[in-house]
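Read through the structure below, which is laid out as structure tokens, and then see the notes.
Numbering (my numbering), first residue to last: 77 to 373.
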């Protein structure tokens, strides 16, 4: 039994006429009758009751018709799904990200609009956690704070931003339009731990060292949301990527540092041996989003 025989059977069952079914199939009637007879022999059942005047489905034929239609539907669905998968239109994508910046949200939103059948698994992770996950093939792509290029991983910049201060709203510097960096010399800071993101941590500390300021770190926190919440308690102040300003919370204010700050880059990273069409589509969306943001700036 093959799909061709199933299609022949369904056509005869719908027409209840071998001649009309043969006409719809653009074939002669005798070969069609032979195929149906062979199908009955293979199944060892009678699918049709035939007389010179009429053709009727047997009880077995009615059951077979229902299941045959389901089979063809599933086959056609499987073929379509396979074609969509080959084109990168269905599948799944596991994405790591350090924090939900506007750039990351924009990329994910654009990707979902263009590829709505791709299932996304989003995982909030530190840069170091994402790198380990990429090496272990636990995620497909990651949004990280350090550039990667080796025999296994590669990366591209997808966002660059300046630094912002986060202050308690009643802080003595909160009323200034911009804060001169020398006024931060003795402030207690809440920082991201170095062992979970050395390049990001060193970028900030080197910037302050360049202005003869050694940061007084009184508390560490992994997530930017947590850092912002701790600032709101009055425990200290912090310096964060400017995209963190999208986190709105009572009890804090965001301020710019008067002196020029270094750019904080966000990179999208993936494995060099990645061959997934879905990943390639995601990278294309990320590149287009970055180019669009650059043209607006």
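Ideal placement from N, C-alpha and C gives every residue a C-beta, glycine not left out. Predicted, not measured: the structure shown is a model, and the values here were computed from it.
Three-way DSSP call (helix, strand, coil) for residue i in this model
| i | result |
| --- | --- |
| residue 313 | strand |
| residue 119 | helix |
| residue 271 | helix |
| residue 171 | strand |
| residue 200 | strand |
| residue 102 | coil |
| residue 236 | strand |
| residue 332 | strand |
| residue 216 | coil |
| residue 127 | coil |
| residue 177 | coil |
| residue 295 | strand |
| residue 264 | strand |
| residue 241 | strand |
| residue 374 | Residue 374 cannot be examined here, being either before or after the span of the chain that is shown, 77 to 373. |
Same chain only: Cβ atoms within 7 Å of residue i, ignoring 5 sequence neighbours per side
| i | result |
| --- | --- |
| residue 111 | 81, 84 |
| residue 310 | 244 |
| residue 187 | 358, 361 |
Sub-8 Å separation of residue i and residue j beta-carbons
| i | j | result |
| --- | --- | --- |
| residue 399 | residue 357 | Outside the displayed range of the chain (77 to 373) lies residue 399, so it cannot be described from this structure. |
| residue 231 | residue 366 | no |
| residue 200 | residue 173 | yes |
| residue 330 | residue 241 | yes |
| residue 166 | residue 193 | yes |
| residue 317 | residue 279 | no |
| residue 333 | residue 257 | yes |
| residue 136 | residue 147 | no |
Nearest neighbour of residue i, chosen from the options [CA to CA]
| i | options | result |
| --- | --- | --- |
| residue 298 | 240, 372, 203, 184 | 203 |
| residue 127 | 361, 93, 328, 136 | 93 |
| residue 353 | 103, 224, 217 | 217 |
| residue 233 | 349, 340, 288, 90 | 340 |
| residue 134 | 150, 88, 177, 98 | 88 |
| residue 375 | 213, 249, 118 | What the structure shows of the chain is the stretch from 77 to 373, and residue 375 is not part of that stretch, so it cannot be assessed. |
| residue 237 | 304, 177, 102 | 177 |
| residue 371 | 235, 157, 198, 105 | 235 |
| residue 277 | 186, 252, 296 | 296 |
| residue 18 | 147, 302, 228 | Residue 18 lies beyond the stretch modelled for the chain, which goes from 77 to 373, so this question has no answer here. |
| residue 305 | 323, 113, 105, 269 | 323 |
| residue 369 | 117, 287, 179, 226 | 179 |
Residues of its chain near residue i, where Cβ-Cβ distance is below 6 Å and the 5 sequence neighbours each way are ignored
| i | result |
| --- | --- |
| residue 284 | 291 |
| residue 102 | none |
CA-to-CA distance, residue j to residue i, given in whole angstroms
| i | j | result |
| --- | --- | --- |
| residue 150 | residue 140 | 15 Å |
| residue 362 | residue 321 | 21 Å |
| residue 272 | residue 222 | 11 Å |
| residue 263 | residue 300 | 19 Å |
| residue 214 | residue 325 | 33 Å |
| residue 159 | residue 351 | 16 Å |
| residue 198 | residue 312 | 31 Å |
| residue 79 | residue 205 | 49 Å |
| residue 175 | residue 182 | 13 Å |
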